[in-house]
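**Q** The C-terminal residue of the sequence shown carries number 391 in full-length UniProt numbering, and the numbering is unbroken.
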Amino acid sequence: MADPARQAAGARPSSAPTRAVSEAERGKDASDDFLNIRSIDHLEFWVGNARQAAFFYSHAFGLTVTAYGGLETKMRDRASYVLQQGKVRFVLSTPLGPEGFMAEQIRLHGDGVRDIALEVEDVDRSFRETTKRGAKAVQEPTTIQDESGSIRRAAVATYGDTIHSFIDRSKYKGAFLPGYRATGEQPKAGPLLYIDHVVGNVALGDMNRFVAFYRDVMGFSQFQHFDDKDISTEYSALMSKVMADGSGKVKFPINEPAAGKKKSQIEEYLEFYRGPGVQHIALATSDICSTVAHLRDTGIQFIGVPHSYYEVLQDRVGKIDEDKEELSRLGILVDRDDEGYLLQIFSKPVEDRPTVFFEVIERKGSRGFGKGNFKALFEAIEREQALRGNL
Numbered sequence: 001m002a003d004p005a006r007q008a009a010g011a012r013p014s015s016a017p018t019r020a021v022s023e024a025e026r027g028k029d030a031s032d033d034f035l036n037i038r039s040i041d042h043l044e045f046w047v048g049n050a051r052q053a054a055f056f057y058s059h060a061f062g063l064t065v066t067a068y069g070g071l072e073t074k075m076r077d078r079a080s081y082v083l084q085q086g087k088v089r090f091v092l093s094t095p096l097g098p099e100g101f102m103a104e105q106i107r108l109h110g111d112g113v114r115d116i117a118l119e120v121e122d123v124d125r126s127f128r129e130t131t132k133r134g135a136k137a138v139q140e141p142t143t144i145q146d147e148s149g150s151i152r153r154a155a156v157a158t159y160g161d162t163i164h165s166f167i168d169r170s171k172y173k174g175a176f177l178p179g180y181r182a183t184g185e186q187p188k189a190g191p192l193l194y195i196d197h198v199v200g201n202v203a204l205g206d207m208n209r210f211v212a213f214y215r216d217v218m219g220f221s222q223f224q225h226f227d228d229k230d231i232s233t234e235y236s237a238l239m240s241k242v243m244a245d246g247s248g249k250v251k252f253p254i255n256e257p258a259a260g261k262k263k264s265q266i267e268e269y270l271e272f273y274r275g276p277g278v279q280h281i282a283l284a285t286s287d288i289c290s291t292v293a294h295l296r297d298t299g300i301q302f303i304g305v306p307h308s309y310y311e312v313l314q315d316r317v318g319k320i321d322e323d324k325e326e327l328s329r330l331g332i333l334v335d336r337d338d339e340g341y342l343l344q345i346f347s348k349p350v351e352d353r354p355t356v357f358f359e360v361i362e363r364k365g366s367r368g369f370g371k372g373n374f375k376a377l378f379e380a381i382e383r384e385q386a387l388r389g390n391l
């Protein structure tokens, strides 16, 4: 019998994640924050070679391979590696043959995030409420089990070919999910703490549609909003709205391109990913300087900013704990708001296609996204685009 978890991962979502629903269909008794999300359970990447990708993420980012699923665990269609550090959990999956939806998606998109999986208190209610509000079902609520217990899961579609799985693992003691076995390795203590936010890119005119999806279907609310005046250069611009769950801990910024003289970073992504998808993943740390120094040593390449950025840093952000010379040497950006400040840095794309990249972020009070850094960052990204011939 086919594994329902794998069926969900390979199911085809509709190109549109929602249909029009009335207030009556939605139900007056459903609270806005009905999902009660515990955390981002994991991100699943569909990749061309999961073994090699696992080697990269374990050696470059310091994640530990804690579980494996494949032929040896009676998975006949794929191999998957589970990697962890702190509360960061990635699943890297590859098809074992050229046929099927997963192989088709990798040919289309290249390596990328398929599933932003959410751990919730009640899978059935999460699925029932989201589909009642208009979400397209990818997997009906299903229980999968083995000798370590049971998992309840379901899934709905979001932008592009990305999905949200709902997972309840409260009755499971195994390494990851049924069908996986533990490697015997425990996650090493490391600087990466959790996934701070996951950013999606959508086409021009679609941002508000997916903002409505997260608000009306998922019960999120708008956390922040940036328009083309906030994020622009001489040549290009973008707009972004940040959606957050009721706790404010799960945050999904949604970007769309804005009119400009040349191709923006969002348009470049959409061209090479062949549609909407996850642009970057922000990983939280408690010591960004040592984290970035280590990541540079392991081979992660970061986008560079000019020295002139640091010449006015004191005037712009005031007193901070970190040494400004060290920040300049490492290329770390700083921004301050009314609640505190944050430090952040962005990697170059980790694939040959200029699509997925990573952010490392340390928050010292600020809950923002580095608005004061947008211009310097966008200009740095444009320099990289120009080198690729894509500006």
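Just so it is clear, CB atoms sit at the ideal spot from N, CA and C, and this is done for glycine as well.
Note that the structure is a prediction, hence the values are computed from the model and not measured.
#1: Whole angstroms are fine: how far does the CA of Tyr309 sit from the CA of Lys375?
#2: What's the call for Gly97, buried or exposed, on a 16-neighbour Cβ count within 10 Å?
#3: Nearer than 7 angstroms: is that true of the beta carbon of Lys371 relative to any heavy atom of the ligand GDP?
#4: Which class does Glu322 belong to by DSSP, given the choice of helix, strand or coil?
#5: Could you say which of Ser221, Asp115, Ala259 and Gly260 lies nearest to Val242 if we only look at CA atoms?
#6: Does the Cβ-Cβ distance between Phe34 and Gly248 come in under 8 angstroms?
#7: Give the DSSP-derived three-state secondary structure of Met207 in the structure shown.
#8: Taking Cβ to Cβ, would you say Asp124 is nearer than 8 angstroms to Phe45?
#9: Give me the DSSP bridge partner(s) of Thr142.
#10: Any idea what DSSP makes of His197, helix, strand or coil?
#11: In terms of DSSP beta bridges, what is Ile167 paired with?
#12: Determine which residues share a DSSP beta bridge with Val242 and list them.
#13: Do you know how far the Cα of Val138 is from the Cα of Val21?
#14: Since Thr285 contacts Leu192 with CB under 8 angstroms, what's their CB separation in whole angstroms?
#15: Just mark Ala135 as buried or exposed, buried being the case when its beta carbon has 16 or more other beta carbons within 10 Å.
#16: Take Lys324 and list the residues in its own chain whose beta-carbon comes closer than 8 angstroms to its own, dropping the five residues that flank it on each side.
#17: Counting Cβ pairs, one atom from each stretch, are 3 or more of them under 8 angstroms apart for the region 366-380 and the region 321-339?
#18: Among residues of its own chain, excluding the 5 on either side of Pro178, which ones have a beta-carbon nearer than 7 angstroms to its beta-carbon?
#19: For the beta strand (DSSP E) that Ser93 lies in, which residues bound it at each end?
#20: Assign Arg388 to one of three DSSP states: helix, strand, or coil.
#21: Would you kindly report the start and end of the unbroken alpha helix (DSSP H) that includes Leu270?
#22: Short check: CB of Glu322 to CB of Cys289, under 8 angstroms?
#23: What residue range is occupied by the uninterrupted alpha helix (DSSP H) comprising Glu359?
#24: What are the partner residues of Phe45, as DSSP defines its beta bridges?
#25: Taking 6 angstroms as the limit between beta carbons, can you name the residues of its chain near Gly100, skipping five residues before and five after?
#26: Based on the DSSP output, what are the partners of Leu330 in its beta bridges?
#27: What separation, rounded to the nearest whole angstrom, lies between the Cα atoms of Lys348 and Asp122?
#28: Start and end of the beta strand (DSSP E) containing Arg316?
#29: Grouping DSSP H, G and I as helix and E and B as strand, with all else coil, what is Ile288?
#30: Could you check if Leu387 is buried or exposed, using at least 16 other CB atoms within 10 Å of its CB as the buried criterion?
#31: Would you call the CB atoms of Tyr81 and Ala50 closer than 8 angstroms?
#32: With the cut-off set at 8 angstroms, would you say Pro276 and Asn208 are in Cβ contact?
#33: Once DSSP output is grouped into helix, strand and coil, what is the label at Ile281?
#34: Classify Lys251 as buried or exposed, calling it buried when 16 or more other Cβ atoms lie within 10 Å of its own Cβ.
**A** Looking at the coordinates:
#1: Distance between the alpha carbons of Lys375 and Tyr309: 10 angstroms.
#2: When all chains shown are included, Gly97 counts as exposed.
#3: Only the bare structure without any ligand can be found here, which leaves the ligand GDP out of the picture.
#4: Assigned with DSSP and collapsed to three states, Glu322 falls in coil, not helix or strand.
#5: Comparing Cα-Cα distances from Val242 to each of Ser221, Asp115, Ala259 and Gly260, the minimum goes to Ser221.
#6: Their beta carbons are not under 8 angstroms apart, which means Phe34 does not touch Gly248 by this criterion.
#7: Residue state for Met207 is assigned as helix, using DSSP reduced to three classes.
#8: Judged by their CB atoms, Asp124 and Phe45 are not nearer to each other than the 8 angstroms cut-off.
#9: Looking at the DSSP assignment, Thr142 forms a beta bridge with Arg153.
#10: Three-state result, His197: strand.
#11: Looking at the DSSP assignment, Ile167 forms a beta bridge with Glu119 and Arg153.
#12: BP columns for Val242 point to Gln224 and Pro253.
#13: In this prediction, Val21 scores a pLDDT of 39, lower than 50, which makes its location untrustworthy; the coordinate-derived value is nonetheless stated afterwards. Each residue's CA atom was taken as its position, placing Val21 and Val138 some 18 angstroms apart.
#14: So it is a contact: roughly 6 angstroms between Cβ atoms.
#15: Its Cβ being crowded by 16 or more others within 10 Å, Ala135 is buried.
#16: Answer for Lys324: Tyr310, Leu313 and Gln314, listed in chain order.
#17: Judged by Cβ distances under 8 angstroms, the region 366-380 makes contact with the region 321-339, as three or more pairs qualify.
#18: The answer, listed in chain order, is Ile144, Gln145, Asp146 and Ile151.
#19: In the DSSP assignment, Ser93 falls within the beta strand (DSSP E) that extends over Val88 to Pro95.
#20: In this structure, Arg388 counts as helix in the three-state DSSP scheme.
#21: According to the DSSP assignment, Leu270 belongs to the alpha helix (DSSP H) that extends over Gln265 to Tyr273.
#22: The criterion of a C-beta distance shorter than 8 angstroms is satisfied by Glu322 and Cys289.
#23: Here Glu359 belongs to no alpha helix (DSSP H); instead the beta strand (DSSP E) covers Phe357 to Lys364.
#24: Paired residues: Leu92 and Val113.
#25: The answer is none, since no qualifying residue turns up.
#26: Within the DSSP secondary-structure output, Leu330 pairs in no beta bridge.
#27: Asp122 has its alpha-carbon roughly 38 angstroms from the corresponding atom of Lys348.
#28: Annotation: Arg316 is outside any beta strand (DSSP E); the continuous alpha helix (DSSP H) that includes it extends over Leu313 to Val317.
#29: Three-state DSSP puts Ile288 in a helix.
#30: Exposed is the call here.
#31: For the 8 angstroms CB-CB criterion, Tyr81 and Ala50 form a contact.
#32: Contact: no.
#33: In the structure shown, Ile281 sits in a strand (DSSP, three-state: E or B).
#34: By the 10 Å Cβ count, Lys251 comes out buried.
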